[in-house]
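Visitor:
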Amino acid sequence: MHSLERKDLALNQAMIPLGSCTMKLNAAAEMIPITWPEFAELHPFCPPEQAEGYQQMISQLSDWLVKLTGYDAVCMQPNSGAQGEYAGLLAIRHYHESRNEGHRDICLIPASAHGTNPASAHMAGMQVVVGSVR
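Going by this note's numbering, the sequence shown runs without a break in its numbering and finishes at 122.
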């Protein structure tokens, strides 16, 4: 695993200026379980009774996140940094609207930001204000 890790540009070796936030935050050790056949090779159409462990794990994680955040529910669906970013911006926008503060719709984005940042804010119905980083 460590031999493979050294062949890739990783956050533990260098700064990664752009790219998937989700990939930058995963330690090399977290990647080991995806090599385990019993963990990584579950067929997407397997019988539900063969996926009970996964369902329990996701359900428990969801419960923990609800308690931790104070939200009514969480969604485990965003599969990338950009999807999670968009989901988070929608949550922020709807939070402001629920408090009759829908006018709070400006999203400050640094000029050096990844291209998904202003795109996600725009798609979430926010006004994008780009600022320079000094």
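For glycine and all other residues, C-beta sits at the position ideal for the given N, C-alpha and C.
Please identify the residue among Glu26, Gly76 and Ala70 whose C-alpha is closest to the C-alpha of Val123.
Guide: Residue coverage of the chain in this structure runs from -11 to 122, which leaves residue 123 outside it and unanswerable.
Visitor: Please check the pair Arg87 and Gly113, which I expect to be a contact at CB under 8 Å, by giving their CB distance rounded to whole angstroms.
Guide: Between Gly113 and Arg87 the Cβ distance is about 16 Å, and since that is not below 8 Å, they are no contact.
Visitor: Bridge partners of Pro98, per DSSP?
Guide: Paired residue(s): Gly119.
Visitor: Taking Gly103 as the reference, give the member of Gly41, Val118 and Gln43 with the closest Cα.
Guide: Val118
Visitor: With 16 other CB atoms within 10 Å as the buried threshold, where does Asn67 fall?
Guide: It is exposed - the Cβ of Asn67 has fewer than 16 other Cβ atoms within 10 Å.
Visitor: Output needed for Leu56: all residues of its chain with C-beta closer than 6 Å, excluding positions within five of it in sequence on either side, in chain order.
Guide: none
Visitor: Since Leu53 contacts Tyr42 with CB under 8 Å, what's their CB separation in whole angstroms?
Guide: Contact flag wrong, Cβ pair sits at about 16 Å.
Visitor: Relative to the alpha-carbon of Tyr59, which residue among Gly90, Pro25, Ala79 and Gly72 has its alpha-carbon at the smallest distance?
Guide: Cα-wise, what sits closest to Tyr59 is Ala79.
Visitor: Is the beta carbon of Ser100 less than 7 Å from the beta carbon of Tyr74?
Guide: no
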